[in-house]
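Notes for the one structure printed next.
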């Protein structure tokens, strides 16, 4: 005999919603709304399982505030409050059913729901009378030292359990529960977890089909008797599993505690299921502005590349990213309109002020100069760095919440350099890889970062790190040289979706945006650069080179136009303010010095363009000019080549020696060193004086070098490399593992 509420079962089956509902619908939804209610025991259930599973469950519930959490526990309110104060992995309850169903508390303000408690405790003789009546049973040991409201709780060994004890309880007009072979609780006759839940559900109009109950002991049995969805923990009392095994809608979990609850929530579709592949990149492919989803403001070649992973043939993956919140942004769990990407995005909400400190300050003012091998530009703020640490810690938790056991987590770029350390400590089961779309700095530049040791320790937790060039991979190994368990490295040059670029180019070939010129006069050659505003792209050096070329070769006046498409970076990045001001002055000076009534040597377009408009500029250009002081790859150079090859156009590519693309295209491109002012001038002059035949041969040769795998295959190869056991082979340029 294990449960004394022989009549409570019928009472617990009262149909919620049959009586007139209260206006106090907190924790649920009104008529026509969606109700999802998780009712869970604590010990052995919500508090059960390892910290990884508990953290994942907490994160899932935080992402879905539409799921109302109700505690149904044998603990008293003070005991529950102690857990909430000291255990950060416990989700916040909206309601608390305590004292084995004798108490109902509002979780928001901890006030008692007196109307419901009065019904549950009707006829309760009081703890003192219960103890006095049962004092003759020496086998009942009162649970001293714990607060007991509306109940009287004892320890009782199974072999001492007897009908005489339960008969004495019934004579008092009370009920009882006996669970875990140890706990004997004397309760008001009407009190049980199940009856308390039934009353609460009726009060707030929760349909049973929208309630999931979770438990592990026999004092949870009354919850499962309601007929709601149910999940019984894998380590539950055998007697409970036996009593509910045949009940419809009750799932017997094969994992303990939080993991079992989470699996049940996923099975119901109330929370997203974890994925075998999680892509971690701090930027989303869309942004929320003016009440709708829009394209990102700043051009970013990583975004379209990662989107290819989610097309047909891609893995079962989710893109975990940040969403900067402002007053207009719909918060996580709200009725946020579906984003237009059509694939899974998992947003981590970030306050605008936190994003400014993390990204605008720590990333762009501390780490970016080191990546660009210009550590003298570095500004370090301890406060901003703390935001970088906190963001990476939160992002690691965000990734963990979406990653299945043994999942592959593919991180991107320096913005997440601390994530590997956090994730490795919390989720040793994961396969961790990081691809650097940016350059990786040589050891001397990396060492200038004030937190270099902290970063090195985290990067050492990776399984694999990928790069565009063997040189960057070599820098990484040198920086981590001597570290225990140095990650494997791979060289995977990134390409473009060439068929898509070619198709767009052919469709827009008639829209080429040629520079203006006087009818009857030769059309000026168009020299084009497309790059976001960044000192590392050397826009100022290009404008100065144009001025120097005209000074050295004044006969070229009017024969060419340099068009600089240079959209600004994300608002708030002040590190490029000096470059912007100097660039605007330089453009005004060269145009004022060399321009004529119908011609200006430099046309500056400081705004973002759609990709179709960018292709229009590619097609109009005779020379494409890339002068990065340091660059991971530079995909614009490849897009220019593909656009011209698809439409039968000739053209010239001037390419910085310091780009990753130079490793592939250097045999055909005109290589230049932007750190040499005269080299910029000489290479530009050479490009402008090439004959039509030379330009055609030049472009044809470049087109043969665009042999990268398409982005989806590139991504699939990297995911496979992250999961691959450690091997030692010779490095090459075709995606080989190099260490």
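Residue numbers (my numbering): 72 to 810. Note that beta-carbon positions come from the ideal geometry of N, C-alpha and C, so glycine has one too.
query, result
"Residue 568 (DSSP reduced to helix, strand or coil)", "coil"
"Sub-8 Å separation of residue 362 and residue 509 beta-carbons", "no"
"Sequence-distant residues of its chain with Cβ nearer than 6 Å to residue 451 (five each side left out)", "437, 521"
"As assigned by DSSP and simplified to three states, the class of residue 557", "coil"
"Residue 665 to residue 654 span [Cα, whole Å]", "16 Å"
"Residues near residue 120 in its chain [Cβ-Cβ closer than 6 Å; skip 5 each side]", "327, 328, 329, 330"
"Inter-residue Cα distance where the pair is residue 723 and residue 574", "21 Å"
"Rounded separation between residue 784 and residue 751 - CA only", "36 Å"
"Residue 434 - containing beta strand (DSSP E), residue span", "Taken as a continuous stretch (DSSP letters only), residue 434 belongs to no beta strand (DSSP E), as it is neither H nor E."
"Option nearest residue 354 by Cα separation, candidates 372, 343, 348", "372"
"Counted within 10 angstroms of its Cβ, other Cβ atoms place residue 66 as buried (16 or more) or exposed", "The structure shown does not extend to residue 66, since the chain is modelled only from 72 through 810, so no value can be given for it."
"Start and end residues, alpha helix (DSSP H) containing residue 623", "610-623"
"Buried or exposed by the 16-neighbour rule on C-beta atoms within 10 Å, applied to residue 219", "buried"
"For residue 259, the nearest candidate out of 243, 680, 631 (CA to CA)", "243"
"Under the three-state DSSP convention, the category residue 351 falls into", "strand"
"Residue 480 (DSSP reduced to helix, strand or coil)", "strand"
"DSSP-derived helix/strand/coil call for residue 430", "helix"
"Residue span of the alpha helix (DSSP H) that contains residue 527, given as start and end", "523-530"
"Presumed contact (8 Å Cβ cut-off) between residue 507 and residue 480, rounded CB distance", "So it is not a contact: roughly 15 Å between Cβ atoms."
"Exposure of residue 463, with buried meaning 16 or more beta-carbon neighbours within 10 Å", "buried"
"DSSP beta-bridge partners of residue 708", "Residue 708 is not bridged to any residue."
"DSSP state of residue 538 mapped onto helix, strand, coil", "strand"
"According to DSSP, residues forming a beta bridge with residue 517", "According to DSSP, residue 517 bridges with nothing at all."
"Residue span of the beta strand (DSSP E) that contains residue 256, given as start and end", "254-259"
"For residue 129 and residue 496, the rounded distance between their alpha carbons", "18 Å"
"Three-way DSSP call (helix, strand, coil) for residue 641 in this model", "coil"
"Nearest to residue 150 (by Cα), restricted to the options 621, 339, 612, 216", "216"
"Stretch-stretch touch, CB-based, cutoff 8 Å, three pairs: the region 261-279 with the region 198-205", "no"
"Cross-strand partners of residue 419 (DSSP beta bridge)", "393"
"Which of helix, strand or coil DSSP assigns to residue 119", "coil"
"Enclosing alpha helix (DSSP H) for residue 750 [first to last residue]", "748-759"
"Residue of 576, 208, 194, 711 minimising C-alpha distance to residue 566", "711"
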